[in-house]
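Below: one structure, written as structure tokens.
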Amino acid sequence: MLGMIQNEWDALMLSNFALEQQLHIARQELSHALYQYDAACRVITRLKKERDEARSLLAQENSNFTVSAPSAVTVNASVASNGKRAAEDEELAPHGKKIHSGITSAVISELTDCGKALHQRRRRRQIPDTLAPVDAIDGYTQISSHPIHKTSKPGIKCLDVLYSKDIIASGGIDTNAVIFDRPSGQILSTLSGHSKEVTSVKFVAQGGLFLTGSADKTVRLWQASDEGTYNCRDILRDHTAEVQAITVHATNDYFVTASLDSTWCFYELSSGTCLTRYVCVVFDNSGSCGGYTSAAFHPDGLLLGTGSSDGIVKIWDVTSQSSIAMFEDHVGPVTAISFSENGYVLATTTQDGVKLWDLRKGKNFGNFAPYDSETLTNSVEFDHSGSYLATAGSDLRIYRATNVKSEWNCIKTFPDLSGTGKVNCVKFGPDAKYIAVGSMDRNLRIFGPPNEGGPVNHEVP
1 MLGMIQNEWD ALMLSNFALE QQLHIARQEL SHALYQYDAA CRVITRLKKE
51 RDEARSLLAQ ENSNFTVSAP SAVTVNASVA SNGKRAAEDE ELAPHGKKIH
101 SGITSAVISE LTDCGKALHQ RRRRRQIPDT LAPVDAIDGY TQISSHPIHK
151 TSKPGIKCLD VLYSKDIIAS GGIDTNAVIF DRPSGQILST LSGHSKEVTS
201 VKFVAQGGLF LTGSADKTVR LWQASDEGTY NCRDILRDHT AEVQAITVHA
251 TNDYFVTASL DSTWCFYELS SGTCLTRYVC VVFDNSGSCG GYTSAAFHPD
301 GLLLGTGSSD GIVKIWDVTS QSSIAMFEDH VGPVTAISFS ENGYVLATTT
351 QDGVKLWDLR KGKNFGNFAP YDSETLTNSV EFDHSGSYLA TAGSDLRIYR
401 ATNVKSEWNC IKTFPDLSGT GKVNCVKFGP DAKYIAVGSM DRNLRIFGPP
451 NEGGPVNHEV P
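Sequential numbering from 1 applies to the sequence shown in full-length UniProt numbering.
Written out as structure tokens, the structure reads:
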């Protein structure tokens, strides 16, 4: 009996030993496989990075390729009656990409001369006596509300004001842009043509031109008629993703568009030609580049500010298309940027609130979080004098803009009267005499002094 038990015990131990050996071998094989997998992943990541860098450099070279053939046909030689450029008039490189002529020395000279003149004028600037004082803004209330967009697709995404005529433009989720005459309270024109929401609207101060950008990847250039209506003159299709921002140069001869396709384009207004298309180059190991979500020209016109979906703000030298400063201290996409008229301060908004930057030193000198961590700050805007700063989120707030050494205090908070809890955009009127606001309903709201005469309130829920 003892012999049988001993034999069974020995057999059990041998079996256990064999299993342990197999387990050890399996662990060695698994360790070796994991090592190979890790090495393969690192090689793949490196190859992807090199591929993306090569693609970006190639795209940048293609975008800056200059047309030298004397018989080259200009891109915008003709425009179809509906605003679309004829495909046969677009000059293409051998690889099928559009050819961009680049920013010529004549254009650079024009930009430089304009920048110098504006810089000298800005140094002598004084706050106008007609600017609304702090006490007046503290007394502002809603003086009118106008249902200018569709009920079926409510939401105003962007605004702009043409000071010389006191008219307001709005872009909506309903795919329309609306030109609104504030003094009379009447719609001058409703511009249809985009297939998706309008994300940016900009007046050109001269020539009766107006620009719209859309999530449908296009930019439309509109021309005002003698009757006050606007007709589409050009449809620009140089982007491959949503157009997020349009900014017009101080010369009123050029403008820039920024898109989620990680490119910004520099256009000539007179012809609608894209002179150069800058493609984002990957600098990190992520293998990706954040798309542009905001853009604005510096008051002098020689610098361009852009914000991206990866929380990076860059300052560009427009003449060389090179980045001269980069601010990375953001959380989430940069939803809006705004330069102060004094040219020294830049305000940016992201998920973590508003940041103020001293452009002379390239440093962040102020932060404030108007809303909680779950509420996005959708817009930030200086008034034309640089004396006030507005932020839009779950409500509208006005701050007194001082200097880099003083605290910027909130002087007025306006509740969101749309009932949606989301204010999308804000613009100051001339001399901050009124404030135009767009929310997630269909109504354009005007805030100003309560005793100001104006059109009847047309509030629609």
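Quick reminder that beta carbons are idealized off the backbone N, C-alpha and C, glycines included.
Less than 7 angstroms separating the beta-carbons of residue 369 and residue 393?
-> Translated into the one-based positions of the sequence shown, residue 369 becomes position 369. Translated into the one-based positions of the sequence shown, residue 393 becomes position 393. Taking 7 angstroms as the Cβ cut-off, residue 369 and residue 393 do not qualify as a contacting pair.
Cβ neighbours of residue 15 in the same chain (closer than 8 angstroms, five flanking residues each side left out) = Taking the sequence shown and counting its residues from 1, the one referred to as residue 15 is at position 15. If we look at residue 15 and ignore the five residues flanking it on each side, it has no Cβ neighbours.
Among 40, 351, 268, nearest to residue 204 - alpha-carbon criterion | To locate residue 204, count along the sequence shown from 1; it is residue 204. Among 40, 351, 268, the Cα nearest to that of residue 204 is on 268.
Alpha carbon to alpha carbon, how far is residue 141 from residue 449?
-> Numbered from 1 along the sequence shown, position 141 holds the residue referred to as residue 141. Numbered from 1 along the sequence shown, position 449 holds the residue referred to as residue 449. In a straight line, the C-alpha of residue 141 is about 6 angstroms away from that of residue 449.
Among 384, 180, 214, which has the Cα closest to the Cα of residue 196?
-> Here residue 196 corresponds to residue number 196 of the sequence shown, with the count starting at 1. The option with the nearest alpha carbon to residue 196 is 214.
So residue 149 packs on residue 107, CB below 8 angstroms; how close in whole Å?
-> Position 149 of the sequence shown, counted from the start, is the residue given in the question as residue 149. Position 107 of the sequence shown, counted from the start, is the residue given in the question as residue 107. About 37 angstroms separates the two Cβ atoms, so there is no contact after all.
List the residues that DSSP assigns as beta-bridge partners of residue 227.
-> If you number the sequence shown from 1, residue 227 lands on position 227. DSSP output for residue 227 lists no bridge partner at all.
Own chain residues within Cβ distance below 7 angstroms of residue 189, not counting five before or after | Mapped onto the sequence shown, residue 189 falls at position 189. Cβ within range, chain order: 179, 228, 229, 230.
Measure the alpha-carbon distance for residue 104 versus residue 270 and round it to whole angstroms.
-> Taking the sequence shown and counting its residues from 1, one reaches residue 104 at position 104. Taking the sequence shown and counting its residues from 1, one reaches residue 270 at position 270. Their backbone Cα atoms lie some 15 angstroms apart in a straight line.
Bridge partners of residue 265, per DSSP?
-> The residue you call residue 265 lines up with position 265 of the sequence shown. Partner(s): 257, 277.
Which ranges would you report for the beta strand (DSSP E) in the segment 381-447 if only whole runs of at least 3 residues count?
-> 388-392, 395-400, 410-415, 423-428, 435-439
Residues bridged to residue 147 [DSSP beta-bridge criterion] = Against the sequence shown, residue 147 aligns to sequence position 147. Bridge partners of residue 147: 443.
Give me the Cα-Cα distance between residue 385 and residue 310, rounded to the nearest whole angstrom.
-> The residue labelled residue 385 in the question sits at position 385 within the sequence shown. The residue labelled residue 310 in the question sits at position 310 within the sequence shown. Computed Cα separation, rounded: 31 angstroms.
Give the DSSP-derived three-state secondary structure of residue 165 in the structure shown.
-> Position 165 of the sequence shown, counting from 1, holds the residue named residue 165. Coil.
Opposite residue 355 in the DSSP bridges: which residues?
-> Working through the sequence shown from its first residue, we reach residue 355 at position 355. 348, 367.
Would you kindly work out how many angstroms separate the C-alpha atoms of residue 297 and residue 144, rounded to a whole number?
-> Numbered from 1 along the sequence shown, position 297 holds the residue referred to as residue 297. Numbered from 1 along the sequence shown, position 144 holds the residue referred to as residue 144. Each residue's alpha carbon lies about 31 angstroms from the other.
Residue 5, buried or exposed, once every other Cβ within 10 Å from all chains shown has been counted against 16 | Position 5 of the sequence shown, counted from the start, is the residue given in the question as residue 5. Result: exposed.
Any C-beta of chain B sitting closer than 7 angstroms to the C-beta of residue 214?
-> No chain B is part of this structure, which consists of one protein chain only.
My understanding is that residue 112 touches residue 304, with C-beta atoms under 8 angstroms, so please give their C-beta distance in whole angstroms.
-> Here residue 112 is taken as the residue at index 112 of the sequence shown, counted from 1. Here residue 304 is taken as the residue at index 304 of the sequence shown, counted from 1. Not quite, the Cβ-Cβ distance comes to about 14 angstroms (not below 8 angstroms), so this is no contact.
Report, in whole angstroms, the separation of the C-beta atoms of residue 242 and residue 259, which I expect to be a contact under 8 angstroms.
-> As a working mapping, residue 242 is identified with position 242 in the sequence shown. As a working mapping, residue 259 is identified with position 259 in the sequence shown. The Cβ separation is near 6 angstroms, so the contact holds.
Residues near residue 96 in its chain [Cβ-Cβ closer than 6 angstroms; skip 5 each side] | Position 96 of the sequence shown, counted from the first residue, corresponds to residue 96. Note that residue 96 has pLDDT 43, beneath the 50 cutoff, so the model's placement of it is unreliable and the number below is only indicative. So the list is empty, once near-sequence residues are dropped.
Does the separation of the CB atoms of residue 428 and residue 395 fall below 7 angstroms?
-> Position 428 of the sequence shown holds residue 428. Position 395 of the sequence shown holds residue 395. For residue 428 and residue 395, no; Cβs fall outside 7 angstroms.
Are there 16 or more other CB atoms within 10 angstroms of the CB of residue 403, so buried, or fewer, so exposed?
-> Taking the sequence shown and counting its residues from 1, the one referred to as residue 403 is at position 403. So residue 403 ends up on the exposed side.
Using CA coordinates, which residue listed in 42, 125, 372, 210 is at the minimum distance from residue 387?
-> Counting from one through the sequence shown, the residue named residue 387 turns up at place 387. Of 42, 125, 372, 210, the residue nearest in Cα terms is 125.
Would you mind sorting residue 127 into buried or exposed? The rule is 16 or more other CB atoms within 10 Å of its CB.
-> Here the question's residue 127 lines up with position 127 in the sequence shown. Flag for residue 127 reads exposed.
Going by other Cβ atoms of all chains shown within 10 Å of its Cβ, with 16 needed for buried, is residue 261 buried or exposed?
-> For the purposes of this step, residue 261 is identified with residue 261 of the sequence shown, where counting begins at 1. With 16 or more Cβ atoms within 10 Å of its Cβ, residue 261 is classed as buried.
Rounded C-alpha distance that separates residue 238 from residue 133 = Residue mapping note: residue 238 aligns to position 238 of the sequence shown, counting from 1. Residue mapping note: residue 133 aligns to position 133 of the sequence shown, counting from 1. Answer to the nearest angstrom: the Cα atoms are 44 angstroms apart.
With respect to the beta strand (DSSP E) encompassing residue 181, which residues constitute its N-terminal and C-terminal limits?
-> Taking the first residue of the sequence shown as 1, we reach residue 181 at position 181. Residue 181 -> beta strand (DSSP E) spans 177-181.
Would you call residue 9 buried or exposed, if buried means 16 or more other Cβ atoms sit within 10 Å of its Cβ?
-> The residue labelled residue 9 in the question sits at position 9 within the sequence shown. It is exposed - the Cβ of residue 9 has fewer than 16 other Cβ atoms within 10 Å.
Identify every residue that forms a DSSP beta bridge with residue 297.
-> Residue mapping note: residue 297 aligns to position 297 of the sequence shown, counting from 1. In DSSP, residue 297 forms a bridge with 304.
In the DSSP assignment, find the unbroken beta strand (DSSP E) run with residue 201 in it and report its ends.
-> Residue mapping note: residue 201 aligns to position 201 of the sequence shown, counting from 1. Residue 201 -> beta strand (DSSP E) spans 198-203.
Between the CA atoms of residue 7 and residue 13 - distance to the nearest angstrom | Counting from one through the sequence shown, the residue named residue 13 turns up at place 13. Counting from one through the sequence shown, the residue named residue 7 turns up at place 7. Whole-angstrom Cα-Cα distance: 10 angstroms.
The alpha helix (DSSP H) spanning residue 120 covers which residue range?
-> Numbered from its first residue, the sequence shown carries residue 120 at position 120. Looking at the DSSP string, the run of the alpha helix (DSSP H) that includes residue 120 is 105-123.
Residue 254 burial status per 10 Å Cβ neighbour count (16 or more: buried) = For the purposes of this step, residue 254 is taken as the residue at position 254 of the sequence shown. Classification of residue 254: buried, given that the 10 Å Cβ count is 16 or more.
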